[in-house]
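Notes follow the structure.
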Amino acid sequence: MDVELSYCVVNTDQRQLLRYCLDAIARERATVEFETETIVLDNASWDGSAEAARQHSVTTEVIALEERAGRAEAATALLQRARGRVCLLLNEDSELEPGATVALHAALAETDGAGAAGATLVSPDGEQQPSAWRFPSIGTTLLSMAGLKRRLVVQSHGAQIRDVDWAPPAALLVRRDAAEAVDWFGADEIEFCRRLHGAGWRVLYVPDARAVHHEQ
(Lines of atoms letter the chains of each structure in order from A; the text may use other names.)
(Lines give C-alpha, C1' and ligand atoms only; values in the text may rest on other atoms or scores of the structure.)
Protein backbone atom coordinates (compact mmCIF):
# COMPACT_ATOMS: atom_id res chain seq x y z
CA MET A 655 0.00 0.00 0.00
CA ASP A 656 1.27 3.48 -0.89
CA VAL A 657 2.21 5.77 1.98
CA GLU A 658 -0.29 8.60 2.32
CA LEU A 659 1.28 10.53 5.19
CA SER A 660 4.83 10.81 6.49
CA TYR A 661 5.42 12.05 10.03
CA CYS A 662 8.69 14.00 9.74
CA VAL A 663 10.36 14.87 13.06
CA VAL A 664 13.44 17.06 13.59
CA ASN A 665 15.22 16.42 16.91
CA THR A 666 18.20 18.14 18.52
CA ASP A 667 19.35 16.88 21.93
CA GLN A 668 15.83 16.40 23.34
CA ARG A 669 15.56 12.66 23.86
CA GLN A 670 12.72 12.74 26.38
CA LEU A 671 10.63 15.22 24.42
CA LEU A 672 11.28 13.14 21.30
CA ARG A 673 9.82 10.12 23.09
CA TYR A 674 6.69 12.11 23.96
CA CYS A 675 6.44 13.20 20.32
CA LEU A 676 6.79 9.62 19.04
CA ASP A 677 4.32 8.31 21.64
CA ALA A 678 1.76 10.82 20.38
CA ILE A 679 2.43 9.78 16.77
CA ALA A 680 1.85 6.14 17.74
CA ARG A 681 -1.52 7.09 19.22
CA GLU A 682 -2.41 9.05 16.09
CA ARG A 683 -1.37 6.27 13.70
CA ALA A 684 -3.80 3.93 15.43
CA THR A 685 -6.71 6.23 14.53
CA VAL A 686 -6.14 6.76 10.80
CA GLU A 687 -7.24 4.53 7.96
CA PHE A 688 -4.39 5.33 5.56
CA GLU A 689 -0.79 4.16 5.41
CA THR A 690 1.79 6.23 7.31
CA GLU A 691 5.50 6.24 8.08
CA THR A 692 7.59 8.05 10.69
CA ILE A 693 11.00 9.51 9.85
CA VAL A 694 13.18 11.10 12.53
CA LEU A 695 16.07 13.35 11.57
CA ASP A 696 18.42 13.48 14.54
CA ASN A 697 20.42 16.68 14.30
CA ALA A 698 23.83 15.51 15.57
CA SER A 699 22.53 14.95 19.11
CA TRP A 700 24.83 13.90 21.95
CA ASP A 701 22.15 12.54 24.30
CA GLY A 702 21.33 9.20 22.66
CA SER A 703 18.30 10.55 20.83
CA ALA A 704 19.04 8.66 17.62
CA GLU A 705 19.14 5.32 19.40
CA ALA A 706 15.97 6.17 21.34
CA ALA A 707 14.24 6.90 18.03
CA ARG A 708 15.45 3.62 16.51
CA GLN A 709 14.12 1.68 19.50
CA HIS A 710 10.66 3.26 19.37
CA SER A 711 8.03 1.04 17.76
CA VAL A 712 6.55 3.82 15.64
CA THR A 713 9.79 4.80 13.89
CA THR A 714 10.23 3.76 10.27
CA GLU A 715 13.60 5.40 9.62
CA VAL A 716 16.20 7.49 11.43
CA ILE A 717 18.42 9.96 9.60
CA ALA A 718 21.34 10.60 11.98
CA LEU A 719 23.39 13.62 10.99
CA GLU A 720 27.01 13.83 12.10
CA GLU A 721 27.11 17.62 11.71
CA ARG A 722 24.33 19.89 12.91
CA ALA A 723 22.08 21.43 10.28
CA GLY A 724 19.66 24.33 10.42
CA ARG A 725 15.98 23.62 10.93
CA ALA A 726 15.11 24.58 7.36
CA GLU A 727 17.83 22.35 5.92
CA ALA A 728 16.60 19.50 8.11
CA ALA A 729 13.02 20.03 6.96
CA THR A 730 14.11 19.86 3.32
CA ALA A 731 16.02 16.63 3.96
CA LEU A 732 12.92 15.06 5.52
CA LEU A 733 10.60 16.20 2.73
CA GLN A 734 12.97 14.79 0.11
CA ARG A 735 13.30 11.45 1.91
CA ALA A 736 9.58 11.00 2.69
CA ARG A 737 7.40 8.65 0.65
CA GLY A 738 4.08 10.12 1.71
CA ARG A 739 1.82 12.21 -0.52
CA VAL A 740 1.63 14.60 2.42
CA CYS A 741 4.22 15.22 5.16
CA LEU A 742 3.51 16.33 8.72
CA LEU A 743 6.53 18.37 9.81
CA LEU A 744 7.05 18.25 13.57
CA ASN A 745 9.59 19.54 16.06
CA GLU A 746 10.66 17.10 18.75
CA ASP A 747 8.94 19.34 21.30
CA SER A 748 5.53 19.06 19.57
CA GLU A 749 3.10 16.52 20.95
CA LEU A 750 0.04 15.90 18.79
CA GLU A 751 -3.28 15.85 20.62
CA PRO A 752 -5.84 13.16 19.64
CA GLY A 753 -7.41 13.79 16.24
CA ALA A 754 -4.81 16.30 15.04
CA THR A 755 -3.69 14.14 12.11
CA VAL A 756 -7.24 13.52 10.89
CA ALA A 757 -8.16 17.21 11.17
CA LEU A 758 -5.10 18.42 9.26
CA HIS A 759 -5.41 15.72 6.60
CA ALA A 760 -9.10 16.48 6.04
CA ALA A 761 -8.50 20.23 5.79
CA LEU A 762 -5.79 19.77 3.19
CA ALA A 763 -7.81 17.24 1.20
CA GLU A 764 -11.08 19.19 1.24
CA THR A 765 -9.77 22.70 0.51
CA ASP A 766 -9.11 23.48 -3.14
CA GLY A 767 -5.58 24.66 -3.74
CA ALA A 768 -4.34 24.00 -0.20
CA GLY A 769 -0.61 23.28 -0.06
CA ALA A 770 -0.04 23.38 3.69
CA ALA A 771 -2.09 23.33 6.89
CA GLY A 772 -0.91 24.34 10.35
CA ALA A 773 -2.19 23.13 13.71
CA THR A 774 -3.14 25.12 16.79
CA LEU A 775 -0.17 25.18 19.14
CA VAL A 776 -0.88 25.12 22.87
CA SER A 777 1.37 25.32 25.92
CA PRO A 778 1.67 22.33 28.27
CA ASP A 779 -0.98 23.93 30.50
CA GLY A 780 -3.39 24.17 27.57
CA GLU A 781 -3.11 27.89 26.80
CA GLN A 782 -3.35 28.61 23.08
CA GLN A 783 -0.23 30.09 21.52
CA PRO A 784 0.01 32.19 18.36
CA SER A 785 0.14 29.63 15.56
CA ALA A 786 -0.12 31.59 12.28
CA TRP A 787 0.85 35.10 11.22
CA ARG A 788 0.75 37.71 8.50
CA PHE A 789 3.95 38.04 6.50
CA PRO A 790 6.42 40.53 8.02
CA SER A 791 6.21 44.01 6.51
CA ILE A 792 6.50 47.64 7.47
CA GLY A 793 2.79 47.50 8.22
CA THR A 794 3.02 44.55 10.59
CA THR A 795 5.98 46.19 12.34
CA LEU A 796 3.94 49.34 12.91
CA LEU A 797 1.00 47.30 14.17
CA SER A 798 3.28 45.49 16.61
CA MET A 799 4.68 48.79 17.84
CA ALA A 800 1.13 50.02 18.35
CA GLY A 801 0.32 47.00 20.52
CA LEU A 802 -2.00 45.48 17.92
CA LYS A 803 0.15 42.46 17.06
CA ARG A 804 -2.08 39.78 18.58
CA ARG A 805 -5.28 41.17 17.05
CA LEU A 806 -4.08 42.18 13.58
CA VAL A 807 -0.80 40.31 12.91
CA VAL A 808 -1.51 36.94 14.53
CA GLN A 809 -3.94 35.04 12.30
CA SER A 810 -4.57 31.94 14.42
CA HIS A 811 -7.95 32.84 15.82
CA GLY A 812 -11.54 31.81 15.26
CA ALA A 813 -13.17 28.39 15.22
CA GLN A 814 -13.17 27.86 11.46
CA ILE A 815 -10.43 26.78 9.06
CA ARG A 816 -9.02 29.92 7.50
CA ASP A 817 -6.39 31.08 5.03
CA VAL A 818 -3.23 32.53 6.58
CA ASP A 819 0.08 33.88 5.35
CA TRP A 820 2.41 31.51 7.19
CA ALA A 821 2.57 28.91 9.95
CA PRO A 822 5.57 27.28 11.66
CA PRO A 823 6.78 23.72 11.03
CA ALA A 824 6.17 22.79 14.67
CA ALA A 825 3.08 20.97 13.37
CA LEU A 826 2.62 21.72 9.68
CA LEU A 827 1.10 19.33 7.14
CA VAL A 828 2.53 19.90 3.65
CA ARG A 829 1.69 18.49 0.26
CA ARG A 830 4.93 16.97 -0.91
CA ASP A 831 4.32 17.87 -4.56
CA ALA A 832 3.74 21.50 -3.54
CA ALA A 833 7.01 21.54 -1.60
CA GLU A 834 8.86 20.03 -4.53
CA ALA A 835 7.31 22.55 -6.93
CA VAL A 836 8.73 25.47 -4.92
CA ASP A 837 12.18 23.87 -4.53
CA TRP A 838 11.57 22.49 -1.04
CA PHE A 839 11.72 24.38 2.23
CA GLY A 840 14.25 27.09 1.54
CA ALA A 841 15.71 29.41 4.18
CA ASP A 842 12.86 29.37 6.69
CA GLU A 843 9.13 28.80 7.11
CA ILE A 844 8.23 32.37 6.14
CA GLU A 845 10.07 32.13 2.83
CA PHE A 846 8.62 28.66 2.25
CA CYS A 847 5.06 29.90 2.71
CA ARG A 848 5.73 32.97 0.55
CA ARG A 849 6.84 30.70 -2.28
CA LEU A 850 3.79 28.46 -1.80
CA HIS A 851 1.52 31.49 -2.11
CA GLY A 852 3.51 32.73 -5.10
CA ALA A 853 2.97 29.40 -6.84
CA GLY A 854 -0.78 29.58 -6.25
CA TRP A 855 -1.04 27.34 -3.17
CA ARG A 856 -3.04 28.23 -0.08
CA VAL A 857 -1.82 27.93 3.53
CA LEU A 858 -4.42 27.06 6.14
CA TYR A 859 -4.84 27.37 9.89
CA VAL A 860 -6.81 24.42 11.32
CA PRO A 861 -8.16 25.22 14.81
CA ASP A 862 -9.41 21.70 15.52
CA ALA A 863 -5.93 20.22 15.06
CA ARG A 864 -3.98 20.82 18.27
CA ALA A 865 -0.42 20.10 19.35
CA VAL A 866 1.22 20.74 22.69
CA HIS A 867 4.32 22.82 22.02
CA HIS A 868 6.89 22.52 24.79
CA GLU A 869 8.96 25.35 23.26
CA GLN A 870 12.48 24.11 23.72
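Take 655 as the starting number for the sequence shown in this note's numbering and just add one per residue. Don't be surprised by glycine CBs; every beta carbon is placed ideally from N, CA and C.
Presumed contact (8 Å Cβ cut-off) between residue i and residue j, rounded CB distance
| i | j | result |
| --- | --- | --- |
| A824 | A865 | 7 Å |
| Q783 | S791 | Actually they do not touch by this definition, with Cβ atoms about 22 Å apart. |
| D819 | W787 | 6 Å |
| D842 | A731 | With 8 Å as the limit, D842 and A731 do not qualify as a contact, their Cβ atoms being about 15 Å apart. |
Contact check, residue i vs residue j, beta carbons under 8 Å
| i | j | result |
| --- | --- | --- |
| I679 | R735 | no |
| S711 | L672 | no |
| A768 | L858 | yes |
| L695 | V663 | yes |
| R830 | L733 | yes |
| L743 | L826 | yes |
| G772 | A821 | yes |
| V756 | V686 | yes |
| Y674 | E749 | yes |
| S810 | T765 | no |
For residue i, the residue or residues it bridges with in DSSP
| i | result |
| --- | --- |
| T713 | According to DSSP, T713 bridges with nothing at all. |
| V663 | V694, L744 |
| E682 | According to DSSP, E682 bridges with nothing at all. |
| L850 | According to DSSP, L850 bridges with nothing at all. |
| H811 | None, per the DSSP bridge assignment. |
| A707 | None; A707 has no bridge partner. |
| D817 | L858 |
| R864 | T774 |
| R830 | Paired residue(s): none; R830 is not in a bridge. |
| A825 | L744 |
Nonlocal neighbours in the same chain, by C-beta distance under 6 Å from residue i, ignoring five residues either side
| i | result |
| --- | --- |
| T690 | L659, R683 |
| F846 | F839, G840 |
| D656 | none |
| R816 | Y859 |
| G897 | In this structure the chain extends from 655 to 870, so residue 897 is not present and cannot be described. |
| A813 | P861 |
| L719 | N697, A698 |
| G724 | none |
| A761 | A771, I815, L858, V860 |
Close-in-space but distant-in-sequence residues of the same chain around residue i (CB under 8 Å, 5 per side omitted)
| i | result |
| --- | --- |
| A832 | G769, A770, L850, A853, W855 |
7 Å CB neighbourhood of residue i in its chain, flanking five on each side removed
| i | result |
| --- | --- |
| D747 | Q668, L671, H867, H868, E869, Q870 |
| E721 | A698 |
| V716 | V694, D696, A704, A707, R708 |
| R646 | Outside the shown range of the chain, which is 655 to 870, sits residue 646, and nothing can be said about it. |
| F789 | D819, W820, I844, R848 |
| W700 | D667 |
| T713 | L676, T692, V694, A707 |
- Query: Counting only runs that start and end within the segment 711 to 791, where is the alpha helix (DSSP H) found for 4 or more residues in a row?
  - Reply: The segment 711 to 791 contains these whole alpha helix (DSSP H) runs: 725 to 735, 754 to 764.
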